[in-house]
Amino acid sequence: MASTTRGCVAAWTYWGKCSRDATSGMRNGSTGPEGRWIMPAPIRSNGPAGYRLHAVLLALALLVSGCASHPGSGGGSRATPAKATPKVVEPLTEAQAALLDDALKRSAAGDLAGAEQRLRQLREERPDSAVAAARLGWILQQEEQPQSAMAAYRAALALDPAESMAANNLALMLEEQGQFTEARDLLQTALAQHPDSPQLHFNLAVLAELYLLDLPMALDHYRTYQSLTDDRKAQVSGWIADLERRVN
């Protein structure tokens, strides 16, 4: 028993070092993914469709309560879920789209209360809109209401299981709580619908490497991430080379 405990501690010390190295690299870079969260962008934005990236460090505050509770969650993780089919809904009206844009502009200006009020109004008008629910989740997250934010993200995913912002951000929140399997499933479902999202691939790679200890999965998604972006080529190449040595 003592040797097993020492083995657990040694393993998790190693993985903690890997995590610190990874987050340090993310923090110091001036290009590439500045964080792991997906932020909402105005629906009329000329920027990358669907999201912008926000600088947030990977939180590694989880304490190991038992060695088996973490590595074991990676079993069967290579299976790919069927592509999610969102419910067909009417597009937002011009007035509703303007309400959504106003909420996001207020959020960017620091008026979170005003943004929340407008998104709740939009949710009342359009309870079938996954976009509105996901954006409300983001605002609630910024207001440090994690449980309400998670509920809003889940509401968005009930309407559209592949809503990328809701899936990504809820997965990261679950990861911080140690719910690694559900986090993996959310990211895989979103990727089935959005296979060209570098952010989703990056986050699944981090989750697989540092928490599920599924190195082949991590390697697959780091490679795909690298193929989808020109950012941080040298750094990601180093991670890939390290994983290739450990897998082989």
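Per this note's numbering, the sequence shown runs over residues 3 to 250.
Yeah, the Cβ is synthetic: ideal placement off N, Cα and C, and Gly gets one too.
This structure is a prediction, so every number in the text was calculated from the model and none was measured.
Between the alpha carbons of G116 and R108 lies a gap of roughly 6 Å.
Inter-residue distance for A236 and G139 is about 34 Å (C-alpha atoms, whole angstroms). Nearest in C-alpha terms to N170, of all of D104, P197, R137, N205, is N205.
One Cα belongs to R128, the other to R248, and the distance between them is close to 49 Å.
As the crow flies, the alpha-carbon of L189 is around 31 Å from that of E96. A Cβ-Cβ distance of about 15 Å is found for the pair A132 and L142, leaving them out of contact under the 8 Å criterion. Cβ neighbours of A243 within its own chain (closer than 6 Å, five residues either side excluded): none.
In this structure, DSSP gives T226 a helical state, which the three-state scheme calls helix. Per DSSP, the unbroken alpha helix (DSSP H) holding V249 starts and ends at 235–249.
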